[in-house]
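The structure appears right after this line, and notes come after that.
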Amino acid sequence: MSNKATLGVIIGNRDFFPDRLVSESRADLIELFGKLNITPVMLTETDSKLGGVETFKDAQKCADLFRKHQDEITGILVLLPNFGDEKGVAETIKLSGLNVPVLIQAYPDELSKLDVARRRDSWCGKISVCNNLYQYGIKYTLTNNHVIHPSAPEFTADLLDFVAVCRVVKGLRKVRIGAVGARPGAFNTVRYSEKILQRNGISVTTVDLSEILGNANKLTKDHAEVKAHLDKILAYTPIGKTPDEALIQIAKLDVVLNHFMEENALDATAIQCWTSLQKNYGCNVCTSMSMMSEDMLPSACEVDVTGTLTMYAMQLASGSPSALVDWNNNYADDENKCVLFHCGNWAKSFLPDIEISTAPILGTSVGEENTYGALSGRTPASPLTFGRISTDDPKGIIKAYFGEGALTDDALNTFGNRAVAQIPDLQGLMQYVCRNGFEHHVVMNASKTAGILKEALGNYMGWEIYNHG
-13 MSNKATLGVI IGNRDFFPDR LVSESRADLI ELFGKLNITP VMLTETDSKL GGVETFKDAQ
47 KCADLFRKHQ DEITGILVLL PNFGDEKGVA ETIKLSGLNV PVLIQAYPDE LSKLDVARRR
107 DSWCGKISVC NNLYQYGIKY TLTNNHVIHP SAPEFTADLL DFVAVCRVVK GLRKVRIGAV
167 GARPGAFNTV RYSEKILQRN GISVTTVDLS EILGNANKLT KDHAEVKAHL DKILAYTPIG
227 KTPDEALIQI AKLDVVLNHF MEENALDATA IQCWTSLQKN YGCNVCTSMS MMSEDMLPSA
287 CEVDVTGTLT MYAMQLASGS PSALVDWNNN YADDENKCVL FHCGNWAKSF LPDIEISTAP
347 ILGTSVGEEN TYGALSGRTP ASPLTFGRIS TDDPKGIIKA YFGEGALTDD ALNTFGNRAV
407 AQIPDLQGLM QYVCRNGFEH HVVMNASKTA GILKEALGNY MGWEIYNHG
């Protein structure tokens, strides 16, 4: 996923500081944004004094400019080359009407330049700007260092994290999820509140599984779309011992699921699997789910809607696919390692040895010959961000936990989609998960993005967040 973004920019200014600081700040920003492929929306040097925001009229002009570009702007960056005018900054954001993340940057002073003609006082000004934004009820993000020059690598990291925060917030406020079928009767763990999600901008579109299977059964192996989707499947993964009839079944199901997503403009899906699909159709849907997740249209099994919501949030934060997994097994006697597992629907990015196979556990009750479509593969060592979003219906809130660790290459002799995770204080995390009623499903992503998710979902979405470690 590209870092390309459009940010509104406010350069704060105070009249008794050197005006050249505003011009220097503008040049610093244009150079940095050019390197990072970020588009600025800001006043020109003729719109106000050197393009800074100092007076109420400046604020009005800048707010009007932001409103004209409201469909493009995903966040606002406030630059403070000097103390800045805290009211000008707050008024600009208020008048613009934009409800987007805001990042506050402040320039450092140099010890050799603290005379009247060259001092900045941005350290102090940043506190004043934040105080005013707090009074106005405007949420904002801080750089890791209180003052930081735009040319510093640390600020580039701050800025790219902020762009990711903007991406998560924008995406979640309008995400559309498809719930395909009823949740499995034995899985109370995946129950959720559709109404709480809707209050947060998250829409769920439902469809009965019989409609999907009925439409799939109307197709034949000679249908043009079925042939095209079969070619996609064959190009996506080795088929192992999967018979041709099962591949046709998978391809037909894939066609119908893609139609459902396109017709309803869906960003993600959660699909009933256990055990209706196997009994009534004769295959697993895992291959289709893996292909959708790899294409950045995440799909979760067992109609785990908040699971696929978590997959989507992590995907937005990292720019890479996510996978829904079970907190499944201890790893020998290592208290900080565990086995992550699922029948086989993880995105190809996690499975360099991917192959279509069966689901042996499910097969014991429905017949293993009815479970072709599950994927087999082992995830190698990589960075790990894990987490889970859930609706807490008794409290009427959305809550989540996130953390970071690593996936390892430790030996793991089993089947399905599998990985070994190493997580600091894993036992403490499991205590938190169990005491707070979270699901047995968790989401993994090959990134280090827990901080981005905490900022986006906790600060801007207003959800209750636990950040492990």
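Numbering (my numbering), first residue to last: -13 to 455.
Positions of the beta carbon are idealized from the N, C-alpha and C atoms, including for glycine.
Keep in mind it's a predicted model, so treat the numbers as computed, not measured.
Beta carbon of residue i nearer than 7 angstroms to that of residue j
i    : j    : result
I134 : G226 : no
A407 : L393 : yes
T273 : G359 : yes
N431 : T371 : yes
A49  : T30  : no
T294 : A254 : yes
G373 : V311 : no
P284 : Q301 : yes
A386 : W313 : no
Alpha helix (DSSP H) segment containing residue i, residue limits
i    : result
W109 : S108 to Y122
C152 : P139 to L158
P346 : P346 to V352
A168 : Careful: A168 lies outside any alpha helix (DSSP H) and carries neither H nor E.
A92  : Looking at the DSSP string, A92 is not in any alpha helix (DSSP H); the run it does join, the beta strand (DSSP E), is V88 to A92.
Cβ-based burial, residue i [other Cβ within 10 Å; buried from 16]
i    : result
C420 : exposed
P307 : buried
A172 : exposed
V154 : buried
H215 : buried
Distance cut-off 6 angstroms: residue i Cβ against heavy atoms of the ligand ATP
i    : result
V406 : Within the structure as shown, the ligand ATP is missing, as the structure has no ligands at all.
Distance, residue j Cα to residue i Cα
i    : j      : result
S196 : G167   : 8 angstroms
A405 : H427   : 14 angstroms
S108 : G382   : 41 angstroms
D71  : K43    : 13 angstroms
Q121 : K73    : 11 angstroms
E390 : F2     : 46 angstroms
C329 : G363   : 10 angstroms
T400 : G123   : 52 angstroms
N23  : K(-10) : 5 angstroms
L443 : D339   : 34 angstroms
A210 : F327   : 35 angstroms
Y298 : A256   : 11 angstroms
N- and C-terminal bounds of the beta strand (DSSP E) containing residue i
i     : result
E390  : I383 to T394
S362  : A360 to R364
R421  : From DSSP, R421 is part of no beta strand (DSSP E) but of the alpha helix (DSSP H) over L412 to R421.
L370  : S368 to D378
S189  : S189 to V193
N131  : Run containing N131: none; DSSP gives neither H nor E here.
C287  : S285 to C287
E341  : E341 to S343
T357  : Unbroken run through T357: none, as it is neither H nor E.
E450  : E450 to H454
L(-7) : A(-9) to I(-3)
A407  : N403 to Q408
Chain C within 7 angstroms of residue i, Cβ atoms only
i    : result
C116 : Within the model displayed, chain C is absent; a lone protein chain is all it includes.
Unbroken stretches of the beta strand (DSSP E), 3 residues or longer, contained in the stretch 206 to 259: 254 to 257
Give the list of continuous beta strand (DSSP E) stretches no shorter than 3 residues that lie fully inside the stretch 19 to 77. 24 to 27 and 61 to 66
What residue ranges within the stretch 290 to 321 form continuous alpha helix (DSSP H) runs of no fewer than 4 residues, ordered along the chain? 291 to 304
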